[in-house]
Amino acid sequence: MNPVLDKLLEMTHYLGDPGKDYAMLGEGNTSARVDDDSFYVKASGHTMAGIGMEGFVQVSTPRIMELLEDPNAGDGDVSRVYQEAVIGDSNGPRPSVEALLHAILLQIPEFSFVGHTHPVHTNAILCSVNAKEAFTRRIFPDQIVSMKHRSVFVPYVDPGLVLAREVKARLEQFIEEEGVLPSAILMQNHGLITMGDSPKAVTSCTDMTEKSARILVGAYAAGGPRFLEDHHVDRIFTRPDEHYRLRSIAGRDS
Ligand SMILES: [Zn+2]
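With our numbering as the guide, the letters of the sequence shown map in order to residues 302 to 555.
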């Protein structure tokens, strides 16, 4: 019995369901926090639909985060550190190439589960000239309930270490400007990351992002979306009383 792994496996199968078109072949990856020092992440070479428990590896969060401290770290360092960060059999499966992205997000106490996918309609928008406008604004009320009032938008950069650094910077900027945590990160020409305190939070936000994208595709085809005015968005989005601080993302206690 491993409740965290059970939940992670169920969430991964949901997101990998071929009927949903969120991920195919080896696309996408998922993770779940075990404790302050470690998390489970999908290993390379598994499909989200067909993965079993053996397809996840437990890795040390602080060990992986060390990559961010070395400005000269390259691809060779990433493979070495990923291998060294594995808890248990270091000759077993290798963590997903996006493990650093997952570590950055799981450092935030409110995020216990993370799902990264390449949904077809979401990527149709993300690969278009309207990507940023489409996902930073809102088009209907239920979208705000699931996806909050804004999402983090990340312009295209090289995958791997460069992308992880860019996501971290954009996430910190979002939290500083908005005072709340986002629930979705949209990466231009790449895909979606959703985060939350439960598998349901991750899957609901992924479902709603993809539904929004399908509506956006139709709206752009019908002459262009009519985005909600800011005051309409603000009336639906209730901000938590306490504004979120950057403490946990930076991995510091100040
Ligand atoms: Zn991806």
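Every residue, glycine too, gets a C-beta built ideally from N, C-alpha and C.
Cβ-heavy atom distance, residue i to ligand 1, below 8 Å
i: S320; result: The question names Ser, but residue 320 in the sequence shown is Gly. No, since every heavy atom of ligand 1 falls outside the 8 Å radius drawn around the Cβ of G320.
i: A347; result: The sequence given here places His at residue 347; Ala does not occur at that position. Checking the Cβ of H347 against ligand 1 gives no.
i: H422; result: no
i: H419; result: yes
i: G525; result: no
i: G389; result: no
i: N330; result: yes
i: E399; result: yes
i: H491; result: yes
Residues near residue i in its chain [Cβ-Cβ closer than 7 Å; skip 5 each side]
i: Q384; result: S391 and R395
i: E467; result: V455 and V458
i: S361; result: D338, S339, A386 and I388
i: L482; result: I409, E411, I476 and Y545
N-terminal and C-terminal residue of the beta strand (DSSP E) that residue i is part of
i: A333; result: N330 to D336
i: T418; result: F414 to T418
i: S391; result: No beta strand (DSSP E) holds S391; DSSP gives it neither H nor E.
i: Q444; result: Unbroken run through Q444 is the alpha helix (DSSP H), P442 to M448; no beta strand (DSSP E).
i: V481; result: Where V481 is concerned, there is no enclosing beta strand (DSSP E), given that its DSSP letter is neither H nor E.
i: G492; result: G492 to G497
i: V453; result: V453 to V455
i: F538; result: No beta strand (DSSP E) holds F538; DSSP gives it neither H nor E.
i: F357; result: F357 to S361
Assigned exposure category for residue i - 16 Cβ within 10 Å defines buried
i: L309; result: buried
i: A324; result: buried
i: E311; result: exposed
i: R439; result: buried
i: S380; result: exposed
i: A435; result: buried
i: N303; result: exposed
i: S555; result: Any reading at S555 is ruled out, since the residue's pLDDT is 38, under 50, leaving its predicted position unreliable.
i: H533; result: exposed
i: G492; result: buried
i: N373; result: exposed
Length of the line joining the Cα atoms of residue i and residue j
i: A425; j: E511; result: 10 Å
i: D307; j: G393; result: 20 Å
i: S345; j: K469; result: 22 Å
i: R553; j: G524; result: Only weak support is given to the placement of R553: the predicted model assigns it a pLDDT of 44, under 50, and the value that follows is read from those uncertain coordinates. So the two alpha carbons sit approximately 48 Å from each other.
i: I352; j: V398; result: 16 Å
i: T539; j: G480; result: 12 Å
i: P319; j: Q474; result: 35 Å
i: L369; j: L401; result: 9 Å
i: L472; j: F357; result: 26 Å
i: M349; j: L529; result: 35 Å
6 Å Cβ shell around residue i - same chain, five flanking residues per side excluded
i: Q489; result: L427, A432, P456 and Y457
i: T437; result: R451 and F454
i: A263; result: Residue 263 is absent from the structure shown; the chain starts at 302 and stops at 555.
Chain-order list of residues whose beta-carbon lies under 8 Å from that of residue i (same chain, five-residue window excluded)
i: D498; result: E411, F412, S413 and F414
i: E355; result: P394
Terminal residues of the alpha helix (DSSP H) in which residue i lies
i: Q384; result: D376 to A386
i: Y521; result: P500 to A522
i: V342; result: Element bounds for V342: not the alpha helix (DSSP H) but the beta strand (DSSP E), S339 to K343.
i: A350; result: That residue, A350, is in no alpha helix (DSSP H); it is neither H nor E in DSSP.
i: A435; result: A432 to T437
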